[in-house]
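Protein chains: 2
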Amino acid sequence: MPKTPHQDRRTTLTNGELRALDAHWRAANYLTAGQIYLLANPLLTEPLTGAHIKPRLLGHWGTSPGLNLVYTHLNRVIKARGLDALCVWGPGHGGPAVLANSWLEGSYSETYPDVTRDVEGMARLFGQFSFPGGVPSHIAPQTPGSIHEGGELGYSLAHAYGAALDHPDLLVACVIGDGEAETGPLAASWHANKFLDPVYDGAVLPILHLNGYKIANPAVLARLPEPELDELLKGYGHAPIHVTGDDPVQIHRALAEAFDRSLDRIALLQRTARQERGNERPHWPVIVLRTPKGWTGPAWVDGEPVAGTWRSHQVPLAGVREKPEHRRQLEAWLRSYRPEELFDAEGRPTADVLACIPEGARRLGATPYANGGLRTRELPLPPLDDFAVPADKPGVTLHEPTRVLGGFLAQIMRDTATRRDFRLVGPDETASNRLDAVFAASGKAWQAQTIQVDEHLDRHGRVMEVLSEHLCQGWLEGYLLTGRHGLFSCYEAFVHIVDSMVSQHIKWLKTSRELPWRAPVPSLNYLLTSHVWRQDHNGFSHQDPGFVDHVLNKSPEVVRVYLPPDANTLLSVTDHALRSRDYVNVIVAGKQPCFDWLSLDQARAHCARGAGIWDWAGTENGDGDPDVVLACAGDVPTQEVLAASDLLRRHLPELAVRVVNVVDMTRLLPREDHPHGMPDFEYDGLFTTDQPVIFAYHGYPWLIHRLAYRRTGHRNMHVRGYREMGTTTTPFDMVVRNDLDRYRLVMDVIDRVPGLGVRAAVVRQRMADARTRHHAWIREHGTDLPEVAEWTWAG
Amino acid sequence: MPKTPHQDRRTTLTNGELRALDAHWRAANYLTAGQIYLLANPLLTEPLTGAHIKPRLLGHWGTSPGLNLVYTHLNRVIKARGLDALCVWGPGHGGPAVLANSWLEGSYSETYPDVTRDVEGMARLFGQFSFPGGVPSHIAPQTPGSIHEGGELGYSLAHAYGAALDHPDLLVACVIGDGEAETGPLAASWHANKFLDPVYDGAVLPILHLNGYKIANPAVLARLPEPELDELLKGYGHAPIHVTGDDPVQIHRALAEAFDRSLDRIALLQRTARQERGNERPHWPVIVLRTPKGWTGPAWVDGEPVAGTWRSHQVPLAGVREKPEHRRQLEAWLRSYRPEELFDAEGRPTADVLACIPEGARRLGATPYANGGLRTRELPLPPLDDFAVPADKPGVTLHEPTRVLGGFLAQIMRDTATRRDFRLVGPDETASNRLDAVFAASGKAWQAQTIQVDEHLDRHGRVMEVLSEHLCQGWLEGYLLTGRHGLFSCYEAFVHIVDSMVSQHIKWLKTSRELPWRAPVPSLNYLLTSHVWRQDHNGFSHQDPGFVDHVLNKSPEVVRVYLPPDANTLLSVTDHALRSRDYVNVIVAGKQPCFDWLSLDQARAHCARGAGIWDWAGTENGDGDPDVVLACAGDVPTQEVLAASDLLRRHLPELAVRVVNVVDMTRLLPREDHPHGMPDFEYDGLFTTDQPVIFAYHGYPWLIHRLAYRRTGHRNMHVRGYREMGTTTTPFDMVVRNDLDRYRLVMDVIDRVPGLGVRAAVVRQRMADARTRHHAWIREHGTDLPEVAEWTWAG
């Protein structure tokens with residue numbers, strides 16, 4: 166990647182270079198402080214008065230001088246070496262710093278032409294920051310060059326690795342702050358270097374920026390003695406380079422050298438791997454940068470030390486509008502950057518300030534890698550017919566849906582072998598989730614030691630397995646946001662581990678969709694399997710279908726939820742999900758043998774509708790409303806509803822039963838609440854307005870009420886689902902424990918359809934007896950009743 | 166703690182000791198395999214047939230021999246040194262191993278008298294394992310001596326630290342498995358040693374058990390060269406001791422020595438700290454135990470290597486019932502432990518097997534530390550009157566509720582200074598959340614370096630701050646489950662980081678409540694603040710009120726949710742939460758200045774009811790139903806509803822308005838769905854059955870529908886709440902963006918109360934104009950309309 170490697174020689178900045186770097190840094194610092202404080206008088210052409218100060222002082226100063234320093238020095242090496250680079254800014258509360266640099270390099274004005282690179286634009290830059298209707302205080306989708314929301318901490322390094330995968334020419338720098346370094350996801354991410362292929366992936370350069378403090382406390386890593394921190398980073402597999410100090414000249418020199426040494430080492434490691442196909446796991450560099458928090462800001466305020474302490478975390482001088490002394494201090498602080506040397510009379514940055522900035526798309530705020538949709542290519546998707554299972558008659562043959570899907574995914578892996586823009590991630594579960602067909606097309610990424618007994622490990626593999634849902638999610642987010650495709654397969658219960666991460670990603674997508682300059686990126690696709698109903702081995706701790714509830718709280722323009730009831734429907738929805746952009750698609754599907762209900766054509770039509778009547782499964786004659794609607798969503802509920810319908814046909818043949826299956830959960834929402842929401846006439850056509858509806862749902866039953874409460878027929882709806890009645894037990898016992906079993910559903914029907922008479926009462930008793938028989942049988946045999954285990958749809 | 170320190174001398178096991186340790190280990194291995202496979206013939210007194218084999222083979226063998234080894238050797242040192250010890254078993258899928266040991270030591274039969282320590286009991290132990298209606302396959306609350314659910318991985322070490330805090334005489338051993346070691350929470354937990362006080366806390370001894378594999382992959386740490394792993398562990402601040410091998414005799418000798426060296430070192434470090442009050446951060450020992458996965462199990466099955474590979478993760482021989490060859494292998498495997506030497510003819514363990522086991526409550530399965538309720542003392546709670554704010558007139562004075570609460574918590578800290586059974590945890594936010602009064606009573610736990618500028622750091626502090634919600638949660642869980650009290654204060658949005666952890670804790674409590682031998686433990690209390698409506702500094706990434714939705718999906722017997730609307734109600738609900746047992750209490754409250762609505766007495770009465778009519782806030786005259794109900798839950802919605810009621814009184818005085826405030830969200834549920842659920846007559850008495858209800862709710866609006874959908878009046882209910890319309894903006898702009906503002910609420914009333922006539926239409930227009938005025942004002946000034954900012958309740 167480095168076009169002009171500077172290997173193994175010392176970096177000696179000329180005085181001119183040093184002056185220019187410092188000028189850029191000072192300019193960025195000035196613009197940062199300006200954003201926090203100034204409403205007017207941006208160039209300080211007149212003495213500062215209260216009227217120049219913003220009414221609400223918001224933003225985070227403490228981390229910003231360090232971010233400005235890193236941005237400045239990245240500029241230098243990008244320009245000198247002609248790098249394609251991206252930077253992930255972990256301390257994303259330093260929003261004004263990154264905005265300042267983007268404005269300086271011109272990418273801000275190109276993205277937002279009303280914020281020009283002159284005095285008016287500077288005033289606008291200042292005024293809009295953290296101002297209602299303006300720009301957020303943290304790094305966000307609105308920030309040019311960003312793929313990483315500032316806010317929740319912990320994901321920067323995982324995002325950086327995700328961005329670097331399959332981008333052999335890319336350098337991804339990643340600034341990690343003191344606070345973030347204490348989080349679990351970040352701590353796990355250090356080991357991501359065991360999964361980064363020096364041949365086909367780019368490089369990640371972590372910059373651990375220790376300014377000593379979090380919001381109100383010293384940081385753990387900052388208070389380790391340097392040898393102990395060194396051991397830690399070496400233990401993580403890195404080669405640390407330390408830069409420490411508070412003298413700008415010394416730091417400029419040391420940091421310039423640290424960057425050169427790091428990039429030389431990266432170049433060497435990549436060259437070795439790529440030319441000589443060396444097999445040693447590289448020990449990549451990491452820069453440890455220790456500079457004071459709030460550096461160059463006020464040293465003391467109201468008798469308390471501020472620069473170099475946690476007190477500089479947000480707004481160091483809080484009373485600037487009211488207190489003349491604070492205002493005086495602010496003015497001295499701003500003038501200490503000597504803005505008159507940095508900007509001309511029109512507010513344009515001087516040549517010295519601009520000297521270090523690279524050109525065009527190499528600028529960090531202009532790199533297309535950070536606007537991944539620009540680089541996205543359509544995924545080559547093979548015809549589903551090649552993978553579909555025959556299903557001439559419903560409910561006779563069995564297939565494992567995820568295994569069927571595995572064939573389809575394997576073909577995609579094969580078809581992207583050269584392009585390398587598709588990855589599968591998962592926490593050590595690809596085989597357990599029965600997707601192992603993919604291993605015929607790609608092994609599992611692994612750079613660490615291998616031994617003979619290992620299987621499917623491959624230095625160049627594109628299946629990513631690590632026992633950290635956080636890493637899986639972070640990698641995939643970074644991969645998608647830089648324009649590639651992927652799928653995360655996960656145990657349903659444990660995907661809650663990334664609840665908070667997916668919230669942030671949905672927020673990112675929601676905001677991005679509103680920004681015309683951001684090109685749509687491939688969707689984040691989840692395959693949730695090993696689900697709540699089939700934890701025969703594991704029991705209660707593995708039973709939780711609530712991720713769907715979690716994502717459905719989020720922006721409807723982004724969220725899609727699919728519960729395909731069999732193998733062909735799983736193929737169809739996955740195909741759809743992989744074609745889509747800017748969504749989060751949650752697909753819940755089983756890995757255990759499951760009846761095939763629909764042929765591929767039927768599956769396609771059904772999935773396109775998202776919900777529909779399964780005529781063949783009911784007993785209504787098409788003449789007016791049925792007596793009862795049996796609705797289902799999810800593979801296990803669908804089976805139980807079909808079995809219940811079968812029982813009803815045999816025992817109460819005169820009852821007109823309609824079976825409705827829902828694949829796309831958001832279709833139940835009103836049209837005004839979700840783009841997929843059905844109009845009322847369509848909903849009423851499926852569910853009727855006044856007949857009883859017994860709804861068997863895969864997850865927590867009240868979700869259906871939350872989706873459908875505004876429908877006319879809602880008052881007649883009775884939902885069965887998972888109610889935390891879990892343990893290690895058989896599949897049928899699980900549904901019995903949660904009252905989702907076929908017998909209970911038949912009883913529900915009899916309880917709710919009026920006027921059924923004595924025969925129905927007898928049938929109801931028979932169902933209750935079957936449940937009793939189940940309890941006795943399972944206590945004795947530990948297995949399910951033969952009549953249940955052997956049931957097939959009679960048709 | 167060590168009563169007989171064996172410092173600095175080599176451990177030399179006698180042949181008798183070695184034989185006894187090995188016998189115990191073999192017995193445990195035998196019983197482990199027996200649980201996975203055998204339905205009958207537990208002592209192998211007859212040749213194995215298919216009829217002796219369980220119909221479903223479930224469980225995890227791979228990790229179990231290692232857990233059995235650790236249990237055996239812990240027995241030895243506990244007995245030899247007279248230790249009080251607890252063990253946290255991270256690879257909790259090794260359930261049969263821990264059950265086997267508990268049965269051997271007799272604690273199992275004491276806990277479950279029907280599972281006797283003889284051949285019948287052994288048969289029952291085998292038969293019940295992973296059998297429907299039996300015991301779970303993972304370690305669970307049912308497992309004697311356990312405080313840590315096996316299932317989701319990552320929390321063992323944090324639990325271990327939580328258990329050790331304020332237990333100076335306790336040793337907490339913690340086995341960490343290969344897979345778990347890759348997770349983020351576990352990676353972060355290594356640094357917990359910077360928070361463990363060698364004087365007042367006990368010791369944690371991590372045992373990193375590397376058997377090389379996860380479910381289907383090698384593990385990252387297992388494939389580090391030993392020097393690199395050593396650096397990592399030293400970087401974590403530990404002194405590593407390595408034990409590696411597959412020869413039992415050698416491993417017994419090496420592990421015995423490793424335990425002795427570790428415990429000697431712990432004793433030395435504690436003595437130094439406690440006697441000499443040394444100030445150096447201790448470098449605690451860690452044992453790295455490398456033994457083969459599935460050790461002593463079948464080496465090859467069907468031509469594939471199994472022992473020592475991932476293939477031994479679950480059931481190494483899967484076809485035992487059908488395949489004679491597998492059955493033959495199983496029999497050979499079981500007989501390889503020489504059961505006839507381990508158990509007498511009645512199935513009782515022999516003296517050799519029992520030789521290493523400690524007595525009574527020192528047994529790991531009998532320690533009261535793992536049944537924390539037995540050790541819990543009532544928390545001394547000071548009178549609330551000392552902290553309450555005067556509120557003679559509602560809505561005139563302002564207080565920051567969490568700051569008021571801080572005084573109460575500080576007093577609890579003071580009153581537990583000697584007992585040391587109360588802790589406050591939070592991710593670097595105690596001061597930011599305005600609870601900093603506690604620092605006058607206790608500093609923040611911190612063992613790392615301090616410098617002069619630091620504040621409130623204290624080696625013996627009981628406020629725990631680390632920027633990891635996972636660690637906070639894990640510490641508190643471990644602390645509570647061993648019988649102490651605490652509170653977790655967290656930014657509302659970021660508590661989603663522990664969604665999955667709290668699910669597991671709720672499952673734990675739900676199951677524990679069903680076990681008569683488990684004494685109730687103090688509740689897990691959350692104070693969620695810095696909430697969605699007041700992210701003026703931070704914006705969209707910090708806005709998420711969905712944790713309440715998440716916990717309300719879980720077991721109703723465990724979950725409680727409170728939204729106190731002011732300072733005195735916050736005091737009242739927190740007092741209640743801190744007195745409770747076996748619950749998860751979620752309290753959502755603001756830290757920003759908030760009107761005082763209720764006096765302490767009123768607050769107590771209101772919180773006891775959980776929901777009630779605020780007569781003084783409405784305009785109904787008590788004569789029949791009101792024209793409209795304005796309901797609210799949460800501080801900001803309450804303020805907007807009161808302001809709306811004020812507007813209605815002024816503009817439409819003839820309208821009979823009722824104001825209902827809900828503090829306890831679960832009161833809205835039907836009685837049959839939650840113990841706090843209101844009976845219908847009470848609900849109808851508050852909300853009416855047929856008048857319009859405008860409900861202003863703190864979080865996602867559909868939650869209210871999900872809680873109330875079965876109520877008669879539900880069809881008249883219109884809910885306003887947060888709908889992901891977030892950004893960095895002013896408080897009032899946030900409510901306007903989400904249609905929760907006073908003007909919108911008045912418009913909602915006018916839209917829904919029939920027959921209001923022309924005057925109402927004029928008022929409606931005036932409200933719409935006010936919203937327009939707001940938009941213009943904020944664009945111009947960046948602040949809220951003066952009429953909003955200066956509003957108080959006129960009364």
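So the sequence lines, in the order shown, correspond to chains A and B. Under our numbering, residues 166 to 960 are what the first sequence spells out, in order. Under our numbering, residues 166 to 960 are what the second sequence spells out, in order. C-beta atoms are modelled at their ideal positions from N, C-alpha and C, and glycine is treated no differently.
- Distance from the CA of residue 899 (chain B) to the CA of residue 941 (chain B), rounded to the nearest whole angstrom, comes to 15 Å.
- Of all residues in the stretch 535-555 of chain B, none has a C-beta nearer than 9 Å to a C-beta of chain A.
- A direct Cα-to-Cα measurement between residue 542 (chain B) and residue 578 (chain B) gives close to 15 Å.
- Secondary structure in the stretch 595-657 of chain B: the beta strand (DSSP E) runs of 3 residues or longer, each lying completely within the stretch, are 628-630, 650-656 in chain order.
- Considering only beta carbons, the part of the stretch 695-725 of chain B lying closer than 8 Å to chain A consists of 701, 702, 703, 704, 705, 706, 707, 709, 711, 714, 715, 718, 719, 720, in chain order.
- In the DSSP assignment, residue 378 (chain A) is bridged to A:383.
- Less than 9 Å separates the beta-carbon of residue 593 (chain B) from that of residue 379 (chain A).
- For residue 302 (chain B), same chain residues with a beta-carbon under 8 Å away, outside a window of 5 residues either side, are 223, 224, 225, 258, 260, 261, 294, 295 in chain order.
- About 4 Å separates the CB atoms of residue 438 (chain A) and residue 363 (chain A); that is less than 8 Å, so the two are in contact.
- Within a 10 Å sphere around the beta-carbon of residue 455 (chain B) sit 16 or more other beta-carbons, which makes this residue buried.
- Residue A:230 holds the alpha-carbon nearest to the alpha-carbon of residue 479 (chain A) among A:756, A:879, A:875, A:230.
- Listed along chain A, no residue sits closer than 7 Å to residue 952 (chain B) by beta-carbon distance, the nearest being about 17 Å off.
- When rounded, the separation of the alpha-carbon atoms in residue 265 (chain B) and residue 705 (chain A) is 21 Å.
- The stretch 528-546 of chain A and the stretch 665-685 of chain A touch, with no fewer than 3 CB-CB distances between them shorter than 8 Å.
- Taking the C-beta atoms as reference points, residue 518 (chain A) is found no nearer than 9 Å to residue 529 (chain A).
- In chain order, 521 place their CB closer than 6 Å to the CB of residue 241 (chain A), counting only its own chain and leaving out the 5 sequence neighbours on each side.
- Within the stretch 376-440 of chain B, the complete beta strand (DSSP E) segments at least 3 residues long are 404-409, listed from N- to C-terminus.
- Judged by pairs of C-beta atoms under 8 Å, the stretch 662-676 of chain B does not touch the stretch 604-611 of chain B, as fewer than three such pairs exist.
- Neighbourhood of residue 669 (chain B) in chain A, by CB distance below 7 Å: 706, in chain order.
- Residues of chain B whose Cβ lies closer than 7 Å to the Cβ of residue 379 (chain A) are, in chain order, 593, 632.
- Each of A:305, A:372, A:417 was checked against the Cα of residue 189 (chain A), and the nearest Cα belongs to A:417.
- The beta carbons of residue 707 (chain A) and residue 316 (chain B) sit closer together than 9 Å.
- Per DSSP, residue 801 (chain B) is one residue of the alpha helix (DSSP H) stretching across 800-816.
- Residue range 822-827 is occupied by the beta strand (DSSP E) that includes residue 823 (chain A).
- Residue 426 (chain B) is outside the set of residues whose beta carbon lies under 9 Å from a beta carbon in chain A.
- For a Cβ distance threshold of 7 Å, residue set 871 of chain A lies close to residue 867 (chain B), ordered along the chain.
- With contacts defined by Cβ atoms closer than 9 Å, residue 204 (chain A) and residue 292 (chain A) form a contacting pair.
- Sorting B:445, B:785, B:491, B:486 by C-alpha distance to the C-alpha of residue 467 (chain B) places B:491 at the top.
- No Cβ-Cβ contact shorter than 9 Å links residue 709 (chain B) with residue 733 (chain B).
- For residue 890 (chain A), the secondary structure class from DSSP, reduced to helix, strand or coil, is coil.
- Between the stretch 266-286 of chain B and the stretch 321-336 of chain B there are fewer than three inter-stretch CB-CB distances shorter than 8 Å, so the stretches are not counted as touching.
- As the crow flies, the alpha-carbon of residue 412 (chain B) is around 28 Å from that of residue 248 (chain B).
- Counted as a single uninterrupted DSSP element, the beta strand (DSSP E) harbouring residue 750 (chain A) occupies residues 749-753.
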